[in-house]
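Here the protein sequences line up with chains A and B, keeping their order. If you're matching positions, the first sequence starts at 1 in full-length UniProt numbering and goes up one per residue. If you're matching positions, the second sequence starts at 1 in full-length UniProt numbering and goes up one per residue. We treat Cβ as the ideally placed atom computed from N, Cα and C, and that holds for glycine. Beneath this line is the structure, given in structure tokens, with notes to follow.
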Amino acid sequence: MRLAPTTLTDDELALQADVRRYLDERLPPGSYPLGLGMTGERDPEFSRDLGARGWLGMALPTEYGGGGRTAVERLVVVEELLARGAPLGHHWIADRQSGPNIAANGTEQQKKEFLPGIARGELSFAIGMSEPEAGSDLAAVRTRAVPDGDGWRINGRKIWTSGAADSTHILTLVRTSDDRHRGLTQFIVDRDTPGLTVSPIPFIDGTRHFCELQFDDVRLPDDRRLGEVGAGWSQNTGELALERGGVDRWMSLMAYLVHWAHHAGPAAEHDLGTITAKLWAFRGLSLSVARMVDQGLSPSVEAALVKEMATRFEQECLAIVVRHLGRTPELDSDDPYEALLARAVLTAPSWTIRGGTNEILRTVIMKGLAGK
Amino acid sequence: MSTTGFDADLVALVDDFFGSESDAAAVEAAERTGFPAATWAGADEIGLPRVGLPESLGGAGGSLLDAVAVLVGSGRHAVPLPMLESWLAGWVLSVAGRSLDGTVRSFTAGTARDSLEIVDGRAHGTLHRLGWGRSASQVVALLPSGVVVLEVDGAQVRERTDLAGMPCDDLTFSGGDVALVDVPRQSVLARAALGRAAQLAGATEAAFELTHGYVGQREQFGRPIGRFQAVAQHVVLLAQAATTSMHVVERAALALSVHDAAFEAAAAKLVASENATIAIAAAHQAHGAIGMTQEYRLQQFTRRLMAWRAELGSGAALAAVLGRTAAHADSLAHLITDPAPALLDIDGAPAA
Ligand SMILES: Cc1cc2nc3c(=O)[nH]c(=O)nc-3n(C[C@H](O)[C@H](O)[C@H](O)COP(=O)(O)OP(=O)(O)OC[C@H]3O[C@@H](n4cnc5c(N)ncnc54)[C@H](O)[C@@H]3O)c2cc1C
Chain A
1 MRLAPTTLTD DELALQADVR RYLDERLPPG SYPLGLGMTG ERDPEFSRDL GARGWLGMAL
61 PTEYGGGGRT AVERLVVVEE LLARGAPLGH HWIADRQSGP NIAANGTEQQ KKEFLPGIAR
121 GELSFAIGMS EPEAGSDLAA VRTRAVPDGD GWRINGRKIW TSGAADSTHI LTLVRTSDDR
181 HRGLTQFIVD RDTPGLTVSP IPFIDGTRHF CELQFDDVRL PDDRRLGEVG AGWSQNTGEL
241 ALERGGVDRW MSLMAYLVHW AHHAGPAAEH DLGTITAKLW AFRGLSLSVA RMVDQGLSPS
301 VEAALVKEMA TRFEQECLAI VVRHLGRTPE LDSDDPYEAL LARAVLTAPS WTIRGGTNEI
361 LRTVIMKGLA GK
Chain B
1 MSTTGFDADL VALVDDFFGS ESDAAAVEAA ERTGFPAATW AGADEIGLPR VGLPESLGGA
61 GGSLLDAVAV LVGSGRHAVP LPMLESWLAG WVLSVAGRSL DGTVRSFTAG TARDSLEIVD
121 GRAHGTLHRL GWGRSASQVV ALLPSGVVVL EVDGAQVRER TDLAGMPCDD LTFSGGDVAL
181 VDVPRQSVLA RAALGRAAQL AGATEAAFEL THGYVGQREQ FGRPIGRFQA VAQHVVLLAQ
241 AATTSMHVVE RAALALSVHD AAFEAAAAKL VASENATIAI AAAHQAHGAI GMTQEYRLQQ
301 FTRRLMAWRA ELGSGAALAA VLGRTAAHAD SLAHLITDPA PALLDIDGAP AA
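Below is the structure:
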């Protein structure tokens, strides 16, 4: 499997310079809570500011308020946010995957209804895939939608739904017939729909973004169905390619690493050098995947290959920087970087679980290799 | 945007030629006899050792990217020829404006044990670990004092081999001809690191392909061992190593075609070397005992990975200079996204 190298065009470099200039002003160090990559804080105002600059929904069509730009341009923006540990939590999922999914599979009315709000940073999505009995084996989903008059009635339970309590919408995958794969359909559910109960599940670091969803006779009009009845599995798979291939898979610790590079000292020089070379390599691989997306290819196996390796690398980096600290980082430290590191220690085991476990990714890769 | 990479026709030609001239038996024979002169002559006839060097000086023409593609091919087929040495020496000579011919040249970036001195314009002392030194007519060496071209005629040869069983000799000079050439050490070191990385990437890909094929055929417990997830994991590691090494090599080669890409060359070599270590372990584990024998081909690739990973840019030296570079950069995040990142000093000398 080859991932061809690619470089940024002059326009893309100009965008990068723009984003840097803006973020230097908008997010001066110390003015915002540092985040661990894609789990950055929620700050709806910051999300709206990015939207106003055209840096959300970049690859969405312009007629629905999107930027009509490319996956590479989105990467250029996103890597600047992640490197700063920016508060991107409010818009992250909608920008990365729900928006593109709706653009690809939604009706005209749905595109008009949701995409402008996503591009403005107003709407916030959560992903309702996993269930208590359907984790790695996602096709075992049991939450069921049955036809009810003009619409649908949903009953069941979703779990591990990151950010559901604070989001405006949940894009969920539910069962509409017993056919294992073709019996699944996606729906867009308003967060405050009657019958839907969202309960936080305290996460290992004490935060409350992890949620459980209970659907009790939740009634949805048919215009909340995304795509054809039975098309949910393939739409979901397309979404996973977007979810897996990006720079976010090796940038969880980046804000800390950027700081550490200047403070690590000579004793850490070798480790810093090795980390630098690998970051440089991963940046190239992610850029290559994004370029393939822009060429109309669907590099889902490539994305899995990169994610599996990148998430292990993130965990190795963490072990290295903690070793150099020489003691247990303190969660309540006055030094925001040390506190960030402490949160990384607590949450890092999840990096190789979320978005598909490394074991499952390896199976995806192995199957993909057979076809190459 | 440039998404161009290796020239597909050239890659096919290189794979064709080396695929037939450097099969398992040919590599094994070269290990016994030292230097396959006929194969060298054949490669030289189609210009392979001189790809990427100017035609006006006797090179075969083509770009740096082409030269790197040939080196990748030499790694993929475990080619028992001084492909890297010839290219590096040839490049130095061509920059110095000297013409090239089909003779064998060796190259060294120098070792700590070397005792070579230049007294009154004559070479005295020993250079260690010269690939194909015994067959070479000239040696290009990076001395602390500069880049020199030595005539081998009259030097005393101590024949030795590297881990892959290839000639890797010590040469003692006592008054031979030597000329200083005006080529920056940094540029030579960047090409040396990139060239070795290219061979590592090729050999890593070959180890992946061999292993991927093997686990689909070898059966235990009534099914192909590749169906066991624990075995498949080794194959995945190999695929990741091969894909990443090939990517960084191609990327560094593109970069070196347009600027002095010492950073990219160093990073590519470091990554390719680390991947070699992963690939060696994974490929052998997936093969079991057969992989540990001389009669099975895996060792022709893994022994090269073992020999090459710490050569022409050891992990320690490259990590040190990259680490210093990162510590001094305005931002690590900017450094890794910079279209032309500056390396403090690939030589590993302390920064001023
Ligand atoms: C931080 C975090 C955020 C998340 N956010 C969301 C979200 O927003 N929305 C959402 O829907 N889900 C979310 N998830 C859930 C995530 O997708 C699942 O955790 C994941 O798919 C694994 O499912 P599971 O936890 O049920 O583990 P299981 O599937 O029970 O797996 C347990 C272990 O068994 C292994 N295993 C299982 N099957 C196999 C097999 N066939 N071969 C080899 N090994 C196997 C797994 O790799 C794992 O190591 C999140 C998870 C985390 C940790």
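Given 8 angstroms, three or more beta-carbon pairs between the stretch 214–223 of chain B and the stretch 323–343 of chain A: no
Candidates B:Val321, B:Trp308, B:Arg98: closest to Ala267 (chain B) by CA position: B:Val321
Checking 7 angstroms against the spacing of the C-beta atoms, do Ser177 (chain A) and Ser124 (chain A) come in under that value? no
Here's the rule I'm using: 16 or more other beta-carbon atoms within 10 Å means buried, otherwise exposed. How should Glu159 (chain B) be labelled? exposed
For a minimum of 3 consecutive residues, which ranges assigned as the beta strand (DSSP E) are wholly contained in the stretch 52–112 of chain A? none
Could you tell me which chain B residues have their CB closer than 7 angstroms to the CB of Lys278 (chain A), listed as they occur along the chain? Val271
Using only the alpha-carbon positions, how far apart do Ala140 (chain A) and Arg223 (chain B) sit? 27 angstroms
I want to check one thing, is the minimum distance from the CB of Gly135 (chain A) to the heavy atoms of ligand 1 below 6 angstroms? yes
Would you be able to state if there are at least three C-beta pairs under 8 angstroms between the stretch 95–111 of chain A and the stretch 252–271 of chain A? no
Comparing the C-beta of Leu369 (chain A) with each C-beta of chain B, is any distance below 7 angstroms? yes
Going along chain A in order, which residues have a C-beta closer than 7 angstroms to the C-beta of His212 (chain B)? Leu369
Can you tell me the Cα-Cα spacing of Ala310 (chain A) and Arg323 (chain A), whole angstroms? 20 angstroms
In the DSSP assignment, what residue or residues form a beta bridge with Arg21 (chain A)? Paired residues: none, contrary to the question.
For Ile353 (chain A), is the beta carbon positioned less than 6 angstroms from some heavy atom of ligand 1? yes
Would the beta-carbon of Gly176 (chain B) fall within 7 angstroms of that of Gly154 (chain B)? yes
Check whether Thr357 (chain A) and Ser136 (chain A) have beta carbons under 7 angstroms apart: yes
Just verifying my parser: in three-state terms, what is the DSSP assignment at Ser199 (chain A)? strand
Which residues does DSSP pair with Trp152 (chain A) in a beta bridge? A:Pro147, A:Leu220
Pull out every residue of the stretch 308–319 of chain B whose Cβ sits closer than 8 angstroms to any Cβ of chain A, in chain order. Gly315, Ala316, Leu318, Ala319
Compute the minimum distance between the beta carbon of residue 354 (chain B) and the heavy atoms of ligand 1, and state whether it is under 6 angstroms. No statement about residue 354 (chain B) is possible, as the shown extent of chain B runs from 1 to 352 and does not include it.
For Glu219 (chain B), the three-state DSSP class (helix, strand or coil): strand
Touching by the beta-carbon criterion (3+ pairs, under 8 angstroms), the stretch 183–196 of chain A and the stretch 224–237 of chain A: yes
Cutting at 6 angstroms between CB atoms, please list the residues of its own chain near His234 (chain B), excluding the five before and the five after it. Ala282, Gln285, Ala286
Mapping DSSP to helix, strand and coil, what is Thr108 (chain B)? strand
In chain order, what residues of the same chain lie with their CB nearer than 7 angstroms to the CB of Glu122 (chain A), ignoring the 5 residues before and after it? Arg48
Test item: CB-CB of His247 (chain B) and Leu3 (chain A) under 7 angstroms: yes
Using a Cβ-Cβ distance cut-off of 7 angstroms, determine whether Pro269 (chain A) contacts chain B. According to the sequence shown, residue 269 (chain A) is Glu rather than Pro. It does: the Cβ of Glu269 (chain A) has a partner Cβ on chain B nearer than 7 angstroms.
Indicate whether at least one CB of chain A lies closer than 7 angstroms to the CB of Ser331 (chain B). yes
Nearest by alpha-carbon distance to Phe228 (chain B): which of A:Phe46, A:Leu23, A:Gly371, A:Lys367 is it? A:Lys367
May I have the straight-line CA-CA distance separating Gly151 (chain A) from Gln110 (chain A), to the nearest angstrom? 15 angstroms
Look up His181 (chain A) in the DSSP assignment and say whether it is helix, strand or coil. coil
Could you tell me whether the Cβ atoms of Leu56 (chain A) and Ala126 (chain A) are closer together than 7 angstroms? no
Compute every distance between the C-beta of Met309 (chain A) and the non-hydrogen atoms of ligand 2, then say whether any falls below 6 angstroms. Because ligand 2 does not appear in the structure shown, any question about it cannot be addressed here, the ligands present being ligand 1.
How far does the beta strand (DSSP E) with Glu151 (chain B) in it reach, from first residue to last? 146–151
Since Arg84 (chain A) and Ala255 (chain A) are thought to touch, with beta carbons under 8 angstroms apart, how far apart are those beta carbons, to the nearest angstrom? 6 angstroms
Extent of the continuous alpha helix (DSSP H) to which Glu21 (chain B) belongs: 8–21
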